[in-house]
Amino acid sequence: MNKPSATPRRFRSQDWFDNPDHIDMTALYLERFMNYGITAEELRSGRPIIGIAQSGSDISPCNRIHLELAKRVRDGIRDAGGIPMEFPLHPIFENCRRPTAAIDRNLAYLGLVEILHGYPIDAVVLTTGCDKTTPSQIMAAATVDIPAIVLSGGPMLDGWLDGELVGSGAAIWKGRKQLSAGAIDNEKFLEIAAASAPSSGHCNTMGTASTMNAMAEALGMSLTGCSAIPAPYRERGQMAYETGRRIVGMAYEDLRPSAILTREAFLDAIVVNAAIGGSTNAQPHIMAMARHAGVDLQSEDWMKFGYDVPLLLNMQPAGKYLGERFHRAGGVPAIMWELQQAGKLRADRITATGKSMAENLQGRQSNDREVIYPFSAPLRERAGFLVLKGNLFDFAIMKTSVISETFRQRYLSTPGQENIFECRAVVFDGSDDYHARINDPALNIDDNTLLAIRGAGPVGWPGSAEVVNMQPPDALIKRGVSTLPTLGDGRQSGTSDSPSILNASPESAVGGGLAWLRDGDRVRIDLNTGECNMLISEEELARRKSEGIPPVPPSQTPWQEIYRSTVGQLETGACMELALKYQGVAQTMPRH
Ligand code: FES
Ligand code: MG
Numbered sequence: 388m389n390k391p392s393a394t395p396r397r398f399r400s401q402d403w404f405d406n407p408d409h410i411d412m413t414a415l416y417l418e419r420f421m422n423y424g425i426t427a428e429e430l431r432s433g434r435p436i437i438g439i440a441q442s443g444s445d446i447s448p449c450n451r452i453h454l455e456l457a458k459r460v461r462d463g464i465r466d467a468g469g470i471p472m473e474f475p476l477h478p479i480f481e482n483c484r485r486p487t488a489a490i491d492r493n494l495a496y497l498g499l500v501e502i503l504h505g506y507p508i509d510a511v512v513l514t515t516g517c518d519k520t521t522p523s524q525i526m527a528a529a530t531v532d533i534p535a536i537v538l539s540g541g542p543m544l545d546g547w548l549d550g551e552l553v554g555s556g557a558a559i560w561k562g563r564k565q566l567s568a569g570a571i572d573n574e575k576f577l578e579i580a581a582a583s584a585p586s587s588g589h590c591n592t593m594g595t596a597s598t599m600n601a602m603a604e605a606l607g608m609s610l611t612g613c614s615a616i617p618a619p620y621r622e623r624g625q626m627a628y629e630t631g632r633r634i635v636g637m638a639y640e641d642l643r644p645s646a647i648l649t650r651e652a653f654l655d656a657i658v659v660n661a662a663i664g665g666s667t668n669a670q671p672h673i674m675a676m677a678r679h680a681g682v683d684l685q686s687e688d689w690m691k692f693g694y695d696v697p698l699l700l701n702m703q704p705a706g707k708y709l710g711e712r713f714h715r716a717g718g719v720p721a722i723m724w725e726l727q728q729a730g731k732l733r734a735d736r737i738t739a740t741g742k743s744m745a746e747n748l749q750g751r752q753s754n755d756r757e758v759i760y761p762f763s764a765p766l767r768e769r770a771g772f773l774v775l776k777g778n779l780f781d782f783a784i785m786k787t788s789v790i791s792e793t794f795r796q797r798y799l800s801t802p803g804q805e806n807i808f809e810c811r812a813v814v815f816d817g818s819d820d821y822h823a824r825i826n827d828p829a830l831n832i833d834d835n836t837l838l839a840i841r842g843a844g845p846v847g848w849p850g851s852a853e854v855v856n857m858q859p860p861d862a863l864i865k866r867g868v869s870t871l872p873t874l875g876d877g878r879q880s881g882t883s884d885s886p887s888i889l890n891a892s893p894e895s896a897v898g899g900g901l902a903w904l905r906d907g908d909r910v911r912i913d914l915n916t917g918e919c920n921m922l923i924s925e926e927e928l929a930r931r932k933s934e935g936i937p938p939v940p941p942s943q944t945p946w947q948e949i950y951r952s953t954v955g956q957l958e959t960g961a962c963m964e965l966a967l968k969y970q971g972v973a974q975t976m977p978r979h
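Everything in the sequence shown is counted per the numbering used here, starting at 388 for the first residue and increasing by one.
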């Protein structure tokens with residue numbers, strides 16, 4: 388492990404503030420910062436300028452805690468000898484942004500790259516929380532490659548209602564089914580929703596937000612134990628202060644993302660994701676971060692390194708508890724401690740602490756075995772993503788850690804045909820079509836139906852929507868069938884426990900196999916071999932292809948059109964493909 392050394396160095400900000408070659412410009416660069424009280428002396432002192440990438444705002448409620456935390460980050464930066472400069476990011480709020488927050492990941496990425504490259508910033512604190520706020524900022528830090536550290540905002544406190552834990556997202560999916568079954572009314576549904584969000588912070592389940600913050604920590608991009616501290620806890624403010632202190636050290640050490648974001652780090656993230664029962668959204672986000680870091684990660688790596696990893700964390704949606712209990716049980720370091728003892732990690736790699744991951748994990752064993760299970764006696768074996776392929780797609784994943792016993796019994800336990808099931812497909816073109824028709828009795832949806840959705844991928848939606856976790860028709864739910872197999876070229880919420888086949892690539896909108904699926908087709912899924920096929924003849928397939936791809940809605944904004952013209956598929960991270968050739972852009976100075 389090569390540790391960068393801490394020596395006095397000339398920072399890139401000095402090219403703006405302290406450059407005898409263009410004193411004419413320096414005056415211009417300096418003067419306006421002085422209008423809020425910074426002195427020319429500070430800016431010309433040779434101390435690092437530390438950016439605080441502010442993701443919180445009124446329309447990013449999951450990250451709003453960062454407006455407060457930034458004060459402690461500033462204290463830490465100042466105490467360690469840096470100069471803080473806070474700036475806003477493009478907001479991302481998962482639940483509210485239409486047509487989907489996913490379209491903003493690449494936009495926030497793009498914006499942050501331009502800020503970090505074009506302004507006098509030497510190192511940066513990334514303030515993460517809601518789902519895409521983590522990958523977008525790490526992707527940008529990887530592209531720019533200046534020292535960067537992640538500060539998670541932390542999950543909300545645990546939600547409680549009627550003496551039971553109610554987890555964000557998970558409670559909504561459950562409430563919708565109860566509403567469809569007539570078991571609760573609208574008022575009760577809203578009461579459940581409110582109870583699941585009791586404080587500032589991001590989702591308190593192991594949904595995409597907690598997953599991606601855990602991924603940032605597993606990669607080595609944050610201080611040890613950062614991701615799981617609930618937003619309102621005093622330790623969160625203390626972590627903000629320590630993160631502010633540490634980034635100044637990283638600036639002097641020139642400890643950059645390119646040193647931290649190695650293939651080993653990404654493989655460890657895949658392993659940790661399985662062990663925590665992490666969100667299926669981790670798949671495209673991990674791929675995107677790896678590709679922007681120039682790391683060769685393949686879709687096979689999810690099976691090769693992740694599939695066999697057992698579930699160690701008892702947290703919703705794969706388990707029972709929520710974020711507060713996870714933090715008290717030791718958080719991500721305690722999970723990684725188990726994995727490291729079992730020889731599952733590549734922990735001799737540098738992290739943001741300046742130490743190796745192995746050093747960070749020393750003494751981090753959990754003492755709450757109801758929440759964090761030992762590797763030798765896990766909550767469930769083989770909890771990683773199952774990678775599938777066939778004539779419907781080249782790539783799709785299934786989150787095995789959430790497949791319920793009821794579902795296993797009904798679909799996966801036919802003697803001699805274990806883990807194989809065959810269903811009749813009903814196909815929806817996007818979620819409007821789903822909502823319009825799901826309760827139509829003419830569709831004859833029964834418990835042998837597979838619900839398929841297309842037009843929900845990066846190009847089709849646009850952005851790729853969390854719509855694959857489709858619930859059965861009300862009539863079926865009333866009869867006690869609350870889950871059907873589903874399949875789609877979109878994503879699903881990380882807080883959902885639906886046993887879906889999702890992220891299908893290539894998507895229907897670019898001619899993937901889902902485009903040719905028709906109502907009534909038999910679909911055969913073999914979880915033993917990872918094969919998923921529609922059972923139709925080659926001639927019939929050729930005939931359908933001559934009918935053309937199902938249409939998708941037109942772009943409604945300039946960004947939607949730009950996004951569609953540059954985006955890749957979920958298999959490879961739904962990246963802005965043309966951006967991938969830019970790496971380490973801070974090594975070239977912008978013109979002035
Ligand atoms: Fe923002 Fe879940 S909706 S974290
Ligand atoms: Mg989500």
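Here a beta-carbon is modelled for each residue, glycine too, at the ideal position from N, C-alpha and C.
For S597, no beta strand (DSSP E) segment is defined; the enclosing uninterrupted segment is the alpha helix (DSSP H) at 595-606.
Excluding the 5 residues flanking it on each side, R769 has same chain C-beta neighbours closer than 8 Å at Y694, D695, V696, P697, T787, in chain order. The distance from the Cβ of T882 to that of V855 is about 13 Å, inconsistent with a contact at the 8 Å cut-off. G960 and R678 do touch by the CB rule: their CB atoms are close to 6 Å apart, below 8 Å. When the alpha-carbon of G540 is set against those of F576, N778, R951, A601, the nearest one is in A601.
With a cutoff of 7 Å on beta-carbon distance, A729 and M744 are scored as not near each other. Nearest neighbour of G463 by Cα position, chosen from L773, A627, E711, E757, turns out to be A627. A contact between stretches requires three or more CB pairs, one per stretch, nearer than 8 Å, and the region 403-414 meets this requirement with the region 429-441. Beta-bridge annotation (DSSP): H589 is paired with P542.
Counting the other Cβ atoms within 10 Å of the Cβ of K519 gives 16 or more, which makes it buried. Looking from the CA of V814, the closest CA among K865, I840, T514, R459 belongs to I840. When C-alpha distances from S587 are compared across M543, I571, Y620, A570, the shortest belongs to M543. DSSP places D913 inside the beta strand (DSSP E), whose first and last residues are 909-913. In the displayed model, Y969 falls within coil according to three-state DSSP, outside both helix and strand. In the displayed model, P828 falls within a helix according to three-state DSSP. By the Cβ criterion, the region 524-540 is not in contact with the region 551-561, since fewer than three pairs of Cβ atoms, one from each stretch, lie closer than 8 Å.
CA-to-CA, the gap between K458 and I634 works out to about 15 Å. Straight-line spacing of the CA atoms in Y798 and V868 works out to 12 Å. Straight through space, the alpha carbons of L838 and E640 are spaced by roughly 53 Å. Proximity annotation: the ligand FES has residues C449, E481, N482, C517, H589, C590, A596 in chain order, each selected because its CB is closer than 5 Å to a heavy atom of the ligand.
Taking one beta carbon from each stretch, the region 765-782 and the region 672-689 have 3 or more pairs nearer than 8 Å; the two touch.
Our two residues, N573 and L548, have alpha carbons roughly 16 Å apart in a direct line. In this structure, DSSP gives V682 a state outside helix and strand, which the three-state scheme calls coil.
Checking the DSSP bridge columns, you'll see K776 partnered with E918. For F762, the CB contacts under 8 Å within the same chain, skipping 5 residues up- and downstream, are P697, L699, E725, L726, Q728, A729, K731 in chain order.
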